[in-house]
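Peer 1: Take this structure first; my questions come after.
Next up, the structure:
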């Protein structure tokens, strides 16, 4: 009996010292999984050695993630979103892993170590880099999430991947989910890319800002008010703003060329509000267009397998039209 009690005490001491059970140990330690599948746990992606130091930012840090949740079940994290494609989730996580394993830096902090020590929330910010061709123009994509979380896996990573496949350099922003702080993070990201253009190998003479839902508001505000309104130096206005499903109605007269898209059955962002805003921008003499997809709900992302499939190409064409105008000037 004394021996049994002694063994129990030793086990309790070991658990106390290590701070975790065997089950939690498998969650907290990095792993060497070579290829992710739909059955891979989200925790095993977050803690993969390829993503050391930033894996937690691939998925929403402001949402509770059940330790058993798999990539196939990831849509449970993304409230307000629809039509999430688990095949795309698997493709993105493996793309990021392959890029990291090939020696390409895929994540960049946008704040200095000193700034992050002063404000620990800034540790949960940064940009994921989806590389296109060297010295090609760049885009920044802001996911939505109601300023409650950052829904990058549906609302910015897929867009960034498509842009990179088209030769453009794309940065998916992970920001603090507060409207004011998010704008500071977006402005800082613009500044960071401009200041590090040689290291990043991007053309900063023209760029676009994209966003869906809350991220669409961010894109609009950046385009209208500029980086200097959000505690950064004054950097050039984007050549185009690309927005999805956000019911923002304000028009200042300072809008860059704007492309928008939304579903007619979106109960969060009313398509009529978006349509009126686009018409108002046109009235002011600025190029703007909108696509309304019949029957689609909120948060369709790049729209694969829906009536919106292909809209990203239309948005790229819109940006290219105004990119070329900028270069002629």
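Numbering (the working numbering), first residue to last: 696 to 1024.
All residues carry an ideal CB built from backbone N, CA and C; glycine is no exception.
What's the C-alpha gap between residue 991 and residue 1014?
Peer 2: Position 296 of the chain shown holds residue 991. Position 319 of the chain shown holds residue 1014. Cα to Cα, the separation comes out at about 24 Å.
Peer 1: Does DSSP put residue 984 in a helix, a strand or coil?
Peer 2: Translated into positions along the chain shown, residue 984 becomes position 289. Residue state, collapsed to three classes: strand.
Peer 1: Using only the alpha-carbon positions, how far apart do residue 800 and residue 738 sit?
Peer 2: Residue mapping note: residue 800 aligns to position 105 of the chain shown, counting from 1. Residue mapping note: residue 738 aligns to position 43 of the chain shown, counting from 1. Roughly 21 Å between the two C-alpha positions.
Peer 1: With DSSP as the reference, please indicate the residues paired to residue 954 in a beta bridge.
Peer 2: Taking the chain shown and counting its residues from 1, the one referred to as residue 954 is at position 259. Residue 954 pairs with 937 and 984.
Peer 1: Alpha carbon to alpha carbon, how far is residue 731 from residue 767? Give it in angstroms, no decimals.
Peer 2: As a first step, residue 767 is located in the chain shown; it is residue number 72 there, counting from the start. As a first step, residue 731 is located in the chain shown; it is residue number 36 there, counting from the start. Roughly 11 Å separates the two Cα atoms.
Peer 1: How about residue 847 and residue 838: do their beta carbons lie closer than 8 Å?
Peer 2: Here residue 847 is taken as the residue at index 152 of the chain shown, counted from 1. Here residue 838 is taken as the residue at index 143 of the chain shown, counted from 1. Taking 8 Å as the Cβ cut-off, residue 847 and residue 838 qualify as a contacting pair.
Peer 1: Assuming residue 864 is part of the beta strand (DSSP E), what are its boundary residues?
Peer 2: Within the chain shown, residue 864 is the residue found at index 169, counting from 1. Segment 864-869, the beta strand (DSSP E) holding residue 864.
Peer 1: Identify which residue in 749, 867, 932 and 741 has its Cα closest to the Cα of residue 761.
Peer 2: Position 66 of the chain shown, counted from the first residue, corresponds to residue 761. For the residues 749, 867, 932 and 741, the minimum Cα distance to residue 761 belongs to 741.
Peer 1: Measuring CA to CA, which of 728, 822, 805 and 861 is closest to residue 1005?
Peer 2: Taking the chain shown and counting its residues from 1, one reaches residue 1005 at position 310. Of 728, 822, 805 and 861, the residue nearest in Cα terms is 861.
Peer 1: In the DSSP assignment, the beta strand (DSSP E) including residue 853 goes from what residue to what residue?
Peer 2: Counting from 1 along the chain shown, the entry for residue 853 is found at position 158. No beta strand (DSSP E) contains residue 853, which is instead part of the alpha helix (DSSP H) from 852-860.
Peer 1: In angstroms with no decimal places, state the Cα-to-Cα distance between residue 757 and residue 788.
Peer 2: The residue labelled residue 757 in the question sits at position 62 within the chain shown. The residue labelled residue 788 in the question sits at position 93 within the chain shown. If you take the alpha carbons of residue 757 and residue 788, they lie about 19 Å apart.
Peer 1: Could you check where the beta strand (DSSP E) with residue 902 kicks off and where it finishes?
Peer 2: Residue 902 sits at position 207 when you count from the first residue of the chain shown. Counting along the chain, the beta strand (DSSP E) containing residue 902 begins and ends at 897-907.
Peer 1: Let me know the secondary structure DSSP gives residue 838 once reduced to three states.
Peer 2: Residue mapping note: residue 838 aligns to position 143 of the chain shown, counting from 1. Residue 838: coil per DSSP, three-state reduction.
Peer 1: Between the Cα of residue 775 and the Cα atoms of 733, 907 and 833, which residue gives the shortest distance?
Peer 2: Within the chain shown, numbered from 1, the residue matching residue 775 stands at position 80. Among 733, 907 and 833, the Cα nearest to that of residue 775 is on 907.
Peer 1: In three-state DSSP terms, what is residue 1002?
Peer 2: The residue you call residue 1002 lines up with position 307 of the chain shown. Coil.
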